[in-house]
Amino acid sequence: MKAVILVAGEGTRLQPLTESRPKPMLRVANRPLLEHVVTAVRDAGIDEIVLVVGYRRERIQSYFGDGDDWGVDVTYAIQEKQLGTGHAVLQAESFVEGPFVALNGDRIVESDDIERVVDALRETGETTLAVSRASRPSDYGVVSLEGDSVVDIVEKPPKHAAPSDVVNAGIYGFSPSIFDALRETTAEGELAVTDTLERLVGAGEVEAVMLNGQWIDVSYLWDLLRVNASIVTAETAESAQIDASASVLGDVAVGDDVRVRPGARVLTGTALGDSATVGANAVVANSVVLPDATIGAGAVVRDAVVGENATVGPNVTVEGGESDVPVNGRVHADVRLGGVVGDNAHVGGATTLAPGTVLGNRVDVETGSHADGRIESDALVRRA
Numbered sequence: 004m005k006a007v008i009l010v011a012g013e014g015t016r017l018q019p020l021t022e023s024r025p026k027p028m029l030r031v032a033n034r035p036l037l038e039h040v041v042t043a044v045r046d047a048g049i050d051e052i053v054l055v056v057g058y059r060r061e062r063i064q065s066y067f068g069d070g071d072d073w074g075v076d077v078t079y080a081i082q083e084k085q086l087g088t089g090h091a092v093l094q095a096e097s098f099v100e101g102p103f104v105a106l107n108g109d110r111i112v113e114s115d116d117i118e119r120v121v122d123a124l125r126e127t128g129e130t131t132l133a134v135s136r137a138s139r140p141s142d143y144g145v146v147s148l149e150g151d152s153v154v155d156i157v158e159k160p161p162k163h164a165a166p167s168d169v170v171n172a173g174i175y176g177f178s179p180s181i182f183d184a185l186r187e188t189t190a191e192g193e194l195a196v197t198d199t200l201e202r203l204v205g206a207g208e209v210e211a212v213m214l215n216g217q218w219i220d221v222s223y224l225w226d227l228l229r230v231n232a233s234i235v236t237a238e239t240a241e242s243a244q245i246d247a248s249a250s251v252l253g254d255v256a257v258g259d260d261v262r263v264r265p266g267a268r269v270l271t272g273t274a275l276g277d278s279a280t281v282g283a284n285a286v287v288a289n290s291v292v293l294p295d296a297t298i299g300a301g302a303v304v305r306d307a308v309v310g311e312n313a314t315v316g317p318n319v320t321v322e323g324g325e326s327d328v329p330v331n332g333r334v335h336a337d338v339r340l341g342g343v344v345g346d347n348a349h350v351g352g353a354t355t356l357a358p359g360t361v362l363g364n365r366v367d368v369e370t371g372s373h374a375d376g377r378i379e380s381d382a383l384v385r386r387a
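If you want it as structure tokens, here you go:
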């Protein structure tokens with residue numbers, strides 16, 4: 004049994020962080036999302052993995068190599084143009100000979116659930132679809148069941164029209180016949196796996212497996228904080244330097260060569276990436292701080308994502324809390340996002356970021372400013 008992991012997409016809703024890396028390489032608990040998926044696949048007993056790569060694929064290939072560091076054999080199929088999940092699965096055809104599991108590389112799943120999909124596929128030989136219950140089913144493909152059989156799939160229906168709270172969890176068990184089925188599916192533009200599944204459902208050929216464990220989707224910037232808080236555990240690298248007067252409390256992951264200066268407080272739900280620095284008397288809570296970032300002395304950073312090599316100056320305030328955040332023309336109300344500081348951005352001292360502020364990559368915010376809303380990459384924010 005092989006696993007085909009789909010990691011070719013960009014993740015535009017997660018910009019600016021996906022401008023320089025593919026979505027599956029975004030870090031939670033100091034590891035890329037994809038590493039969590041690869042580990043779950045391995046722990047499910049699958050040691051041969053095909054990664055379908057595309058956007059910024061060099062970041063994935065250089066990180067995972069041949070998979071030896073994870074005890075798996077990794078090969079790469081290339082999707083030159085991102086034309087949907089169905090098209091991505093087709094790129095793996097020459098790499099698989101028998102039944103296989105396909106899954107998304109940006110959703111946290113548990114190895115036991117992957118193993119259950121494998122068992123169901125082996126037992127029935129039918130196309131197998133993992134499903135889960137969701138509080139916002141209209142964000143996904145909504146599935147209707149009769150017993151263990153899938154009888155309908157509706158892709159992202161309006162909120163008032165969702166027929167159930169059961170959704171497509173993005174783990175599939177396929178036989179090689181899926182490739183012909185995908186080719187036979189007519190779709191304009193992108194070809195999604197669900198386009199083919201809808202046709203197979205009509206023929207009574209899709210069985211469902213309800214997930215028992217954790218299943219967390221990462222679609223938006225605030226999801227990084229939610230996922231990080233749910234999986235991070237207290238872990239401190241031996242090379243980290245934490246001053247005796249500093250406090251690291253609760254579930255906090257501290258990476259290699261991190262420096263936490265005197266009087267600083269790092270609170271639960273936080274991950275400090277390799278070589279990050281937290282200045283004297285600063286407070287960091289429920290945040291994802293990527294490698295080489297700097298939090299200045301006296302800064303308060305809550306519910307935030309701080310990009311790679313970004314600088315948050317002294318006495319900056321990211322107050323945290325809930326806000327309304329627009330993404331691609333849709334406003335998401337009351338999401339918990341204190342702010343995002345893009346890669347290589349610089350936030351001058353004594354600046355305040357309003358809840359929900361998103362600073363693009365390489366943004367330069369002048370000392371003493373106030374930033375609010377979404378600010379595009381390479382912008383200069385001057386004090387009013």
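In the working numbering, the protein residues as written are 4 to 387. By construction, the Cβ of each residue, glycine as well, lies at the ideal position given by its N, Cα and C atoms. Here the structure is a predicted model, which means the values were calculated and not measured.
Can you find the residues in the same chain that come closer than 6 Å, C-beta to C-beta, to ASP122, ignoring five residues on each side of it along the sequence? none
Have a look at the DSSP bridge pairing and note the partners of TYR79. LEU54
Report the start-end ranges of each alpha helix (DSSP H) in the region 252-321 that is 4 residues or longer and not cut off at the edges. none
Alpha-carbon spacing of ASP260 relative to ASP277, whole angstroms: 6 Å
Does the beta-carbon of HIS349 have 16 or more other beta-carbons within 10 angstroms, so that it is buried, or is it exposed? buried
Please state if the CB of LEU29 and the CB of VAL10 are separated by a distance shorter than 8 Å. no
When we look at the beta-carbon of TYR175 and count the other beta-carbons within 10 Å, is it buried (16 or more) or exposed? buried
Residue burial classification, VAL334 (beta-carbon count within 10 angstroms, cutoff 16): exposed
Starting from GLY176, trace the beta strand (DSSP E) in both directions and tell me its first and last residue. 169-177
Would a C-beta distance cut-off of 8 Å place SER326 and ARG305 closer than the cut-off? no
Tell me where the alpha helix (DSSP H) around PHE98 begins and ends. Element bounds for PHE98: n/a, residue is neither H nor E.
Taking buried to mean at least 16 other C-beta atoms within 10 Å of its own C-beta, is GLY74 buried or exposed? exposed
Quick one, are the C-beta atoms of ALA95 and VAL53 less than 8 Å apart? yes
Quick check: the region 140-148 against the region 80-90, are at least 3 beta-carbon pairs closer than 8 Å? no
So is GLU129 buried or exposed if we call it buried at 16+ other beta carbons inside 10 Å? buried
Short Cβ contact (8 Å threshold) for ALA345 with PRO317: It is Gly, not Ala, that sits at residue 345 in the sequence shown. Result no, Cβ atoms of GLY345 and PRO317 do not sit closer than 8 Å.
So for PRO166, helix, strand or coil by DSSP? coil
Out of ALA302, ASP337 and LEU275, which one is the CA nearest neighbour of ALA296? LEU275
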